[in-house]
Amino acid sequence: MNEFFEFFSFADANVRYVTLGSVLLAGSSAVVGCFTLLRKRALVGDAVAHAVLPGVCLAFILSGTKNPFILLLGAFITGWISLLTIDFITSRSRIKEDTAIGLVLSVFFGIGIILLTAIQHSGNAAQSGLDKFLFGKAASLVGEDLIAFSLVAVLLLVATLLFYKELTLLCFDQAYAKTIGYPVRALELLLTTLTVFAVVVGIQAVGVVLMAAMLITPAAAARFWTDRLSLMLVLAALIGAFSGVAGAFVSYTAPAMPTGPWIVLIVSMIATLSFAFAPGKGWVSRLLRQRRNKTLILEENLLKLLYQLGEQKQGTLAPHTFQEILERRAIPQKLARTGLRKLGNQGYIEKTPEGWLLTGQGQRRGERVVRLHRLWELYLTQYLHLASDHVHEDAETIEHIITPELEQKLMEELGFPVLDPHSARIP
Amino acid sequence: MILQVENPVVEVHDLTVSYDRKPVLWGIDLTLPAGALVGVIGPNGAGKSTLIKAMMDLLPAGSGYVRIFDKPIGQVRNRISYVPQRESVDWDFPASVFDVVLMGRYGKLGLFKRPRKADKDAAMEALQKVGMQGFANRQISQLSGGQQQRVFLARALAQNADIYFMDEPFAGVDIATETAIIELLRTMREQGKTVIVVHHDLQSATEYFDWVVLLNLRLVASGPTEKILTQQLLEQTYGGKLTVLTKVGELLKKQEFPSRER
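Taken in order, these protein sequences are the chains called A and B. Residues 748 to 1174, numbered by this note's numbering, are exactly what the first sequence covers, in order. Residues 48 to 309, numbered by this note's numbering, are exactly what the second sequence covers, in order.
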């Protein structure tokens, strides 16, 4: 716990730098990732992430230094070559894009690992720390590295905002963008370059292996919460930044731990939570909606039954026993009991010594369900020419979903009918 | 019967378009008059969409050229507007109806510039013209097929162009939308705009268009509707496949042959 306060008091200048760096890196790659995701190029991001490793290693071998700008340049070059290779394979052979991505990813990463191993066994003292590119080490984001990477991150954010309108159109409707005279090829190139840069700056914190998650996961999580692109960018940046800070914290307190996997775990957890709890689209809210539907169907069915029982006795409002209700329709006893109790609480029915009695409102609601049922049956026979013995099942469901406006329309189209196809009166 | 016009708005000269080396349009030669409602008609796979895409340089031409307002398309982009097929985009994209219609102003705005108040007014006006003003803030994934089509149309209207290319605007829309669209197209014609529509329903074609292009891998006919929609020409378009033509096309693809010697 002490470490927690020590870290988040930001008293240590190092902590401040590392945190700032992580926020910038993770945030900027999340923003670029939104467009990568919307353009459905998520896998390409993964390929680029793996393909930068040989670039970093080659840059080190050729220059002999760990100057961040030189390493970035190397990463950028091989990242770009990997993209060109994917495009080349897809356009010049029968191999489809997903296969081409798989091929390029593994070949480039393989070469990268060979080079990295060679460097580690070369006895070059300067090499120590190069392996952090594999799984990331946020805590090493200090000095020159921090300045270099943060600079690129800020540039990324500025470029994305500057081209917000153009990138949006490119992702939504590329053909249209071309017809209004936008330089589509150049914009594609821009987005690709931004993606490569986002990967290149992110690897310091997350490492090449898991970089794709930093690019895509915040965007995917943010998409659950909003239907507005501008808000999605902000949310993705926040989610990215949050996991960046968390990663920096882990890296600071447990130096032996690789940062990347932790960041990825945290951001994936946020994504899972979004998947579960986001309003409307989330899993929980869908479950709730289904539950609501079930309750509605049960309650309306009970009201309908009581109404129909009353109908048999020429519409007199008489109480009906639990047995009577269940005889007319087989509803599981337990369900029926809870349903009745609830309706009682809501004031649609009353319990009398002789059984359950519809109140005035209950009578109205039960009548409406019966009316909708019969109207729908009539509609099916008249407009869809279904046989009258085939329409009941369908009406059982539809009776619960028709809105008052649709009801009005049905009445009009059917000419305010009196009898349903089974010659029962439409109330 | 291929009728040419004086001072055409669109001139297509010897246009051949191939997919993967297989020609899907062979040597199209046609001219279209100004201020007309033009229907491009033919069976499935006849190359109707391909023709208008090639006209707008969305697909590379294997041979030939297209001139619009007597200029190469690159010089008149601000005067043309395109309504793509509804299915060509992902409607789950995080955007509102208004966002999409506003895209119609992007061409005039150019790069970097943010939409101004006047652009937003223009977008709203366009939405009103298609009767969707009440849907401005609706997320596009919640629209019905007909509403999606109207949104695309509004986006094109917001461009305020002189010539419109529409790819199957009547496909899969409800009757109300179809009527609304055709009314709109007629108003546009009265304002002197030229509208080129890919269409698949022969029944309504007579009523909708005043110029018809019949297409089936090659140009069968082009001219005023009453002269073109004849039994004989329709049979030529829809009847009997051109087996040899198709086979030659496939051969070109298989042998990786160019469709023109160069």
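Built from N, CA and C at the ideal position, the CB exists for glycine as well. Everything numeric in this text was worked out from a predicted model, so none of it was measured.
DSSP places A960 (chain A) outside any beta strand (DSSP E); the residue lies instead in the alpha helix (DSSP H), whose first and last residues are 958-972. By the Cβ criterion, the region 968-978 of chain A is in contact with the region 136-152 of chain B, since at least three pairs of Cβ atoms, one from each stretch, lie closer than 8 Å. Here DSSP, grouped into helix, strand and coil, assigns G270 (chain B) to strand. Within chain A, the C-beta atoms nearer than 9 Å to that of I127 (chain B) come from T926, I927, in chain order. Between the region 1000-1013 of chain A and the region 790-809 of chain A there are fewer than three C-beta pairs closer than 8 Å, too few to call the two in contact. Here DSSP, grouped into helix, strand and coil, assigns W827 (chain A) to helix. V59 (chain B) places its beta carbon 8 Å or farther from that of V245 (chain B). Annotation: the continuous beta strand (DSSP E) that includes T78 (chain B) extends over 69-79.
Its chain contains R152 as the residues whose beta carbon lies nearer than 6 Å to that of D166 (chain B), once the 5 sequence neighbours on both sides are disregarded; these appear in chain order. Around the CB of E1124 (chain A), 16 or more other CB atoms lie within 10 Å, so the residue is classed as buried. In the three-state reduction of the DSSP assignment, D61 (chain B) falls in the strand class. Interface residue (Cβ-Cβ distance to chain B less than 8 Å): E913 (chain A) is classified as such. Comparing alpha-carbon positions, the option among A:L962, A:S998, A:H1132 lying closest to I986 (chain A) turns out to be A:L962. Rounded to the nearest whole angstrom, the CA to CA distance from D920 (chain A) to V1165 (chain A) is 52 Å.
Scanning the region 80-112 of chain B for uninterrupted beta strand (DSSP E) segments of 3 residues or longer gives 84-88, listed from N- to C-terminal end. Taken atom to atom, the span from the alpha-carbon of E215 (chain B) to that of S838 (chain A) is near 29 Å.
Here K1098 (chain A) is bridged, per DSSP, to A:W1103. What R975 (chain A) touches in chain B, judged by beta-carbon distance under 9 Å, is P141, A142, S143, D146, Q186, going in chain order. For Y129 (chain B), the three-state secondary structure derived from DSSP is strand. Excluding five sequence positions before and after P1066 (chain A), the CB atoms of its chain that fall closer than 7 Å to its own CB belong to T1099, E1101, G1102, W1103, L1104, given in chain order.
Contact between A906 (chain A) and L941 (chain A) holds, with the beta-carbon distance rounding to 6 Å and staying under 8 Å.
In the three-state DSSP reduction, I210 (chain B) falls in the strand class (E or B). At least 8 Å separates the beta-carbon of L888 (chain A) from that of A794 (chain A). Across the set A:H1120, A:A933, A:V762, A:F835, the C-alpha of A:H1120 shows the shortest separation from the C-alpha of M1158 (chain A). In the three-state scheme derived from DSSP, where H, G and I count as helix and E and B as strand, L1161 (chain A) is classed as coil.
Contact residues of the region 778-806 of chain A toward chain B are L785 (C-beta to C-beta distance below 7 Å). The CB of R124 (chain B) comes closer than 8 Å to the CB of T926, I927, G928 in chain A, given here in chain order. When DSSP reads this structure, H246 (chain B) sits in a beta bridge with B:I88. In the DSSP assignment, no residue is bridged to R124 (chain B). CA-CA distance, E1046 (chain A) to A993 (chain A), rounds to 48 Å.
Taking 8 Å as the CB threshold, L105 (chain B) lines the interface with chain A.
Taking the CA atoms as reference points, Q195 (chain B) sits about 27 Å from F159 (chain B).
In terms of beta-carbon proximity, L200 (chain B) stays away from the interface with chain A, with every pair separated by 8 Å or more.
If you compare the alpha carbons of A:I848, A:L916, A:I808, A:P1026 with that of R788 (chain A), the shortest gap goes to A:I848. In the DSSP assignment, T1006 (chain A) forms no beta bridge with any residue. Distance from L1056 (chain A) to R1075 (chain A) at the Cβ level is roughly 7 Å; contact confirmed, criterion being Cβ atoms closer than 8 Å.
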